[in-house]
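Residue numbers (the numbering used here), protein chains in the order written: chain A, 51 to 402; chain B, 51 to 402.
C-beta atoms are modelled at their ideal positions from N, C-alpha and C, and glycine is treated no differently.
What follows is a single structure, written as structure tokens, with notes after it.
Number of protein chains: 2
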Amino acid sequence: MATEPDRTSDGKLPTIRDVAARAGVSVMTVSRVINKQSWVSPKTRSRVEEAIAALNYAPSAVARALAGSDDRRVALLYRASTTSAYLGELLLGALDNAADHRLHLVVERCDGASAEEIVAQVQHARVSGVILPPPLCDWRELIEALAAKKIKAVSIAPDIVDSGELTIAIDDKHAAFEMTRHLIELGHRNIGFIKGNPQHRASARRLEGFRQAMRANGLSDDEQWIVPGDFSYRSGLDAAERLLDLPVRPTAIFACNDDMAAAAITIAHQRQIDVPAQLTVCGFDDTPLANAIWPTLTTIHQPIRDMSREALALLAAEIREGGTANPHVKLDYRLIRRQSDAVPPRRPKTGV
Amino acid sequence: MATEPDRTSDGKLPTIRDVAARAGVSVMTVSRVINKQSWVSPKTRSRVEEAIAALNYAPSAVARALAGSDDRRVALLYRASTTSAYLGELLLGALDNAADHRLHLVVERCDGASAEEIVAQVQHARVSGVILPPPLCDWRELIEALAAKKIKAVSIAPDIVDSGELTIAIDDKHAAFEMTRHLIELGHRNIGFIKGNPQHRASARRLEGFRQAMRANGLSDDEQWIVPGDFSYRSGLDAAERLLDLPVRPTAIFACNDDMAAAAITIAHQRQIDVPAQLTVCGFDDTPLANAIWPTLTTIHQPIRDMSREALALLAAEIREGGTANPHVKLDYRLIRRQSDAVPPRRPKTGV
DNA sequence: TTGAAAGCGCTAACAT
DNA sequence: ATGTTAGCGCTTTCAA
């Protein structure tokens with residue numbers, strides 16, 4: 051059973067013309083069949099479909115892009131600072147339904163460029179929409195510059211914004227709130243927090259969720275319990291040292307991402323502090339790392355792949371229908387309990 | 051300073067015609083300038099270049115693909131089983147110099163398809179070359195089917211093969227040999243080995259390197275010290291349990307990749323076996339994980355990004371010059387010593 | 001050394 | 001319901 055496309059005598063792939071000839075119709079009719087457009091009589095349609103099948107014809111994306119109103123190309127922009135694992139997930143999600151939406155995805159790096167330069171780059175790439183993962187999603191100038199040129203942009207995990215831009219996000223603040231509440235319910239009172247890279251606005255949102263939960267439970271969100279970090283494992287090492295050097299040691303550490311949480315666990319190991327018996331550590335993101343360390347990490351699952359999938363769907367709707375019911379998609383996060391959290395040590399269950 | 055492309059009055063990007071008009075030459079001349087082709091008088095050339103700069107013109111890749119002999123598109127094929135981190139690295143490397151080679155990279159998933167179906171898919175995608183990461187690189191049928199259709203394929207990290215196909219690889223066998231020798235030099239005699247996914251031929255090569263090193267040093271590569279795994283963290287957990295349950299426990303474990311090594315460390319932690327004081331563990335690949343666990347992992351660094359970069363260069367040469375001096379590129383690996391290896395325990399340094 | 005003509009494979013805008 | 005006519009932006013002939 052040959053799935054392979056037939057080739058005309060000159061060794062080229064079949065074109066729409068070959069299909070038209072074989073079906074005895076005009077190329078336009080074939081085009082309509084392909085695009086499920088306007089009305090084609092069932093009889094003609096099936097003749098064309100037979101010819102397509104017989105020739106194993108598939109339209110050329112390139113020719114379509116050139117001839118069509120070119121609203122089929124979208125770009126996934128990224129900076130070198132984005133980890134390849136995150137980028138890989140985004141890519142897989144986007145690729146996943148690019149074909150369904152008849153969109154062609156191009157991946158473009160835009161390092162060190164000014165907002166204007168990036169707009170130029172995007173225009174040259176002939177794309178009509180872009181996906182902006184962090185930290186690009188929080189770059190107001192860029193978003194406005196793109197909007198000024200009528201290039202649709204969908205931000206992945208940006209700060210909440212008032213303008214009409216498209217966004218895909220999880221509720222970082224509420225997720226952090228929930229994780230903190232979870233720790234408090236476990237019995238923790240002294241909870242340390244390791245902040246994320248300040249360039250990523252998500253960091254601020256997570257911190258805010260932490261603070262709210264602490265205050266909501268009558269606990270103090272004292273500055274000394276909140277230490278800086280930048281999402282890197284290295285920074286997590288330093289941050290954890292600082293927290294564990296505190297006069298009153300926290301019984302739990304909530305890190306703004308998994309890498310830093312892993313670092314905290316490392317420091318605990320080095321100091322012979324048992325996790326979770328003596329110290330609870332939890333993270334955020336649920337990267338593969340969370341499952342590859344010991345103890346496995348309690349964390350917030352962020353559906354990265356779904357996010358880019360949704361981003362693409364949003365772009366498709368925006369580009370073609372010129373608008374969507376809801377331009378702000380909120381995806382669900384999940385608190386994943388694994389082995390790194392427990393009740394705090396030395397706290398009698400009941401009575402004095 | 052506006053880098054942004056000018057737009058003609060109708061709001062579209064400048065085309066080659068606009069450039070031609072502005073420079074007072076024919077479009078053909080502009081085309082020649084762009085492609086640095088044949089002879090254009092320096093005077094004309096500079097006039098054209100001025101016009102290009104003034105208009106901030108950039109040629110449309112789409113139009114070029116359609117008009118040209120289309121030898122500019124290459125695909126990165128992958129299966130869903132490939133981890134997004136690995137895929138992300140490959141992608142970044144490939145993207146990195148796709149532009150330099152004037153190649154357009156498309157990323158295509160090809161799951162569950164037969165070799166013939168994949169060939170059809172590739173032909174429909176109108177690409178003239180493909181990059182095959184593992185495990186596709188070891189699929190003989192596919193490689194032959196592609197060759198039969200004159201589609202250039204470059205395999206990343208395949209088995210050594212006799213046919214004239216293009217390959218990029220590190221010397222897995224020798225890397226494993228070196229790591230094993232390193233362990234032996236440290237004083238280890240009882241070394242356990244966790245095998246990789248048998249579908250990836252690299253697994254066999256690494257095992258072979260291990261075996262050779264053991265035998266070369268008069269040690270036995272007894273089957274009981276060699277346990278199955280499939281590259282997953284989970285499988286590493288089981289494998290490590292088996293090794294540590296052996297009547298004579300190994301003093302070192304060499305896992306076929308980092309994930310399984312991390313799993314071995316986890317098991318050791320659980321059994322209160324100190325790594326590396328009581329047990330040496332090392333991995334292979336040098337993924338980000340190697341640096342995010344404690345102790346950090348001694349492993350073999352594999353330059354994934356460079357591999358796809360080279361793959362692209364190879365394809366470019368092959369597609370355009372129709373051949374290369376050396377179709378088998380060998381990249382360097384590096385043994386990275388971190389904290390998970392040490393001399394074996396309870397072995398007096400000297401004398402009895 | 002340069003230019004004119006003829007497409008590449010498809011679709012949009014009009015016919016019919 | 002179907003066909004005709006023009007391109008999309010560029011490159012490949014071939015001619016000058």
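DSSP, reduced to helix, strand and coil, places C306(A) outside both helices and strands of the structure shown, so it counts as coil. A Cβ-Cβ distance of about 11 Å is found for the pair I303(B) and A312(B), leaving them out of contact under the 8 Å criterion. Taking 8 Å as the CB threshold, A103(A) stays off the interface with chain B.
Contact of D356(A) with chain B is not assigned, every C-beta pair being separated by 8 Å or more. Taking a contact as a CB-CB distance under 8 Å, the pair L141(A) and L269(B) does not count as one, their CB atoms being some 44 Å apart. For E139(A), the neighbours in chain B by C-beta distance under 7 Å run, in chain order, S134. Chain B has a Cβ within less than 8 Å of the Cβ of I315(A). The beta carbon of L385(B) sits closer than 7 Å to those of E228, M229, H232 and I350, all from its chain and outside the five residues before and after it, given in chain order. Linking A366(A) to A108(A) through their CA atoms gives a straight-line distance of about 22 Å. E99(B) and V277(A) have their C-alpha atoms roughly 54 Å apart. One Cα belongs to P92(B), the other to Q171(A), and the distance between them is close to 28 Å.
Below the 9 Å Cβ cutoff, chain B contributes no neighbours of W189(A), its closest Cβ being approximately 17 Å away. Taking each of L236(B), R97(B), L347(B) and A101(B) in turn and checking the Cα distance to Q389(B), the smallest one comes out for L347(B).
For the 8 Å CB-CB criterion, R261(A) and D188(A) do not form a contact. Contact between the stretch 162-171 of chain B and the stretch 150-170 of chain A is absent: fewer than three C-beta pairs spanning the two stretches fall below 8 Å.
Chain-ordered, the chain B residues with CB closer than 8 Å to the CB of N106(A) read A170. For R129(B), same chain residues with a beta-carbon under 8 Å away, outside a window of 5 residues either side, are R159, C160, D161, P185 and L186 in chain order. Each of R387(A), Y383(A) and A363(A) was checked against the Cα of N376(A), and the nearest Cα belongs to A363(A). Counting other Cβ atoms within 10 Å of its Cβ, D295(B) stays below 16 and is therefore classed as exposed. The beta carbon of P338(B) sits closer than 8 Å to some beta carbon of chain A.
Near chain B, meaning a CB-to-CB distance below 8 Å, the residues of the stretch 288-311 of chain A are D309.
Proximity of S110(A) to chain B, defined by a Cβ-Cβ separation below 8 Å, is satisfied. In this model, A225(B) and A342(A) are separated by some 24 Å (Cα to Cα). Cβ-Cβ distances below 6 Å link H378(B) to T217 in the same chain, with the five nearest sequence neighbours on each side left out; the list follows chain order. Spatial neighbours of A103(A) in its own chain (CB-CB distance under 7 Å, excluding positions within 5 residues in sequence) are not present. Excluding five sequence positions before and after L329(B), the CB atoms of its chain that fall closer than 6 Å to its own CB belong to A318 and I323, given in chain order.
Out of A254(B), C332(B), T301(B) and I220(B), the CA that lies nearest to the CA of R355(B) is found in I220(B). Beta-bridge annotation (DSSP): F243(B) is paired with I276(B) and F304(B). L339(A) places its beta carbon 8 Å or farther from that of L287(B). Secondary structure note for R123(B): its beta strand (DSSP E) is the uninterrupted segment R123 to Y128. Within the stretch 62-80 of chain A, those residues whose Cβ lies closer than 8 Å to any Cβ of chain B are, in chain order, L63. The stretch 193-211 of chain B makes contact with the stretch 176-184 of chain B: 3 or more CB pairs, one atom from each, lie closer than 8 Å. In the structure shown, E194(B) adopts helical secondary structure according to DSSP, grouped into three states. The beta carbon of Y383(A) sits no closer than 8 Å to any beta carbon of chain B. For A226(A), no CB of chain B lies under 8 Å from its own CB, so it is not counted at the interface with that chain. Taking CB atoms only, V177(A) has no neighbour in chain B less than 8 Å away.
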